[in-house]
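In the numbering used here, the protein residues as written are 70 to 421.
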C-alpha cells in the first residue's frame, strides 16, 4: 500500500492549488493530500481519483473508503485491546498524554513524531491494524456481532465512515443510504458548517464547539445569526522540531465555510482575521472566513445573513454534519423559542 505522501511524490502534474491552499498553506500547486477540499465527499473523490489515475502503474480500485479514528475506537470498545505484529498494542482506553483513546495517540505517534532520519510508510500501520481488528471481530463471540453491526451502522450515520464507488449503480446505493457524504439540495433553510484546520497540527481533537442559530422572521424576510464558539482548554504541545516531540495541540488555523441556501445575502461577519468571501458552490451560497486560536483559549465567529425568498408556511431546516467531527451542540432560537439538538448526524427540523 502507499501512504498519501508517497502518492504525492509520484504525482508529477503541476495543477494550480485551490485559492485557500495558496493563501493559508502557501502552496502554489495541488498535492493529492489536499484534493479533498470540497465539502461534498463525492466531488472531492472525483478530484482525487482524476489525478490518482494519472500516476503510472497504480492499481485501479473499485472504490474509496474513508474512515476517521472514531471507527477503530468504537470497534476496540467492543472487541477489547489487540496486538498488531511489529506495531504494538492498541486499545480504546484513555491515554492521559492526550486525554484521548490510546489507539488515537499511538497512531499519531507512529505517523507524526519527528525523527532524525527519513522514515517511509509512516501510515503503513493502518492496513495491519484494520486487518487485525477485522480478524478479531470475525473471531469474536457471536453475542458481540450485533454490537459490531451497530458500530458500523452508527459510523455511517454519523459520517465517520464514507464510501465512494466508480460504478454508478453502486454509488447511487451508497447515496441512497446517506453513506456517500453528499451535500443535499433543499428548497428550504439549510446549514452546513465546514471547518478545515490548515497547518494547525492535530488541534481539532482538543477543541469543543457549540453553535447557536438565531432565526427571526418578519413578514417574508428571514434573518439569521449563526454563532460558532470554539474552546481549547488543553496545554499546547512543544511543536519545536528540534525537541523531537509529538506536535498535536498547536495553533488552530481554521478556514471556515458556511453553506447556506443559494441566494442568501451576507450582512456581516465578526471574528474573522481576513475579509470574508462570498461565493457559490454545490448549489449553495458559501461564506468563507479564517481565524486562528492558540491552546488554552477560546474564540467565536458570528455570521449574520438573510435568506432568499422561500415557502414559510412550515419552517424547515436541514442541518448537515461535517464528516469526521464529533457531535456538536446546536441551539436554535426561532422567533424566541429555543430548540437544542446534538448534531451527531444530518437532521431535519420543523420549527413552527
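For glycine and all other residues, C-beta sits at the position ideal for the given N, C-alpha and C.
Keep in mind it's a predicted model, so treat the numbers as computed, not measured.
Please state the DSSP three-state secondary structure of residue 332. Here residue 332 refers to the residue found at position 263 of the chain shown. Coil at residue 332, not helix or strand.
Within 10 angstroms of its Cβ, does residue 149 collect 16 or more other Cβ (buried), or is it exposed? For the purposes of this step, residue 149 is taken as residue 80 along the chain shown, with counting starting at 1. In summary, residue 149 is exposed, with fewer than 16 beta-carbon neighbours lying within 10 Å of its beta-carbon over all protein chains present.
Count the other C-beta atoms from every protein chain shown that fall within 10 angstroms of the C-beta of residue 212, then say buried if there are 16 or more, exposed otherwise. Your numbering for residue 212 matches position 143 in the chain shown. So residue 212 counts as exposed.
Roughly how many whole angstroms lie between the Cα atoms of residue 147 and residue 217? Stepping through the chain shown from its first residue, residue 147 is reached at position 78. Stepping through the chain shown from its first residue, residue 217 is reached at position 148. Their Cα atoms are separated by approximately 7 angstroms.
8 angstroms Cβ cutoff met for residue 388 and residue 420: Against the chain shown, residue 388 aligns to sequence position 319. Against the chain shown, residue 420 aligns to sequence position 351. For residue 388 and residue 420, no; Cβs fall outside 8 angstroms.
Thinking just about the alpha-carbon of each residue, which of 354, 201, 255 is nearest to the one in residue 152? Position 83 of the chain shown, counted from the first residue, corresponds to residue 152. It is 201 whose Cα lies nearest to the Cα of residue 152.
Take residue 87 as the anchor and find which of 267, 157, 206 has the nearest alpha-carbon. One-based indexing of the chain shown puts residue 87 at position 18. For the residues 267, 157, 206, the minimum Cα distance to residue 87 belongs to 267.
Contacting residues, own chain, Cβ-Cβ under 6 angstroms from residue 264 (five flanking each side not counted): Against the chain shown, residue 264 aligns to sequence position 195. Scanning its chain for C-beta atoms nearer than 6 angstroms, with the 5 sequence neighbours on each side dropped, one finds around residue 264 the residues 323, 325, in chain order.
If we call anything under 8 angstroms between Cβ atoms a contact, is residue 328 one with residue 108? For the purposes of this step, residue 328 is identified with residue 259 of the chain shown, where counting begins at 1. For the purposes of this step, residue 108 is identified with residue 39 of the chain shown, where counting begins at 1. Closer than 8 angstroms, so yes.
Range covered by the alpha helix (DSSP H) that runs through residue 202: Here residue 202 is taken as the residue at index 133 of the chain shown, counted from 1. It spans 195–207 - the alpha helix (DSSP H) in which residue 202 sits, taken as one unbroken run.
Rounded to a whole number of angstroms, what is the C-alpha to C-alpha distance between residue 306 and residue 317? Taking the chain shown and counting its residues from 1, one reaches residue 306 at position 237. Taking the chain shown and counting its residues from 1, one reaches residue 317 at position 248. If you take the alpha carbons of residue 306 and residue 317, they lie about 6 angstroms apart.
Helix or strand or just coil, what does DSSP make of residue 216? Residue 216 sits at position 147 when you count from the first residue of the chain shown. Residue state, collapsed to three classes: helix.
Just to confirm before moving on: does the CB-CB distance between residue 303 and residue 269 stay below 8 angstroms? Position 234 of the chain shown holds residue 303. Position 200 of the chain shown holds residue 269. Contact: no.
Validate contact between the segment 279–289 and the segment 401–417 using beta carbons, cut 8 angstroms, 3 pairs: For the pair of segments examined, the segment 279–289 was found to touch the segment 401–417: the number of CB pairs separated by less than 8 angstroms reaches three.
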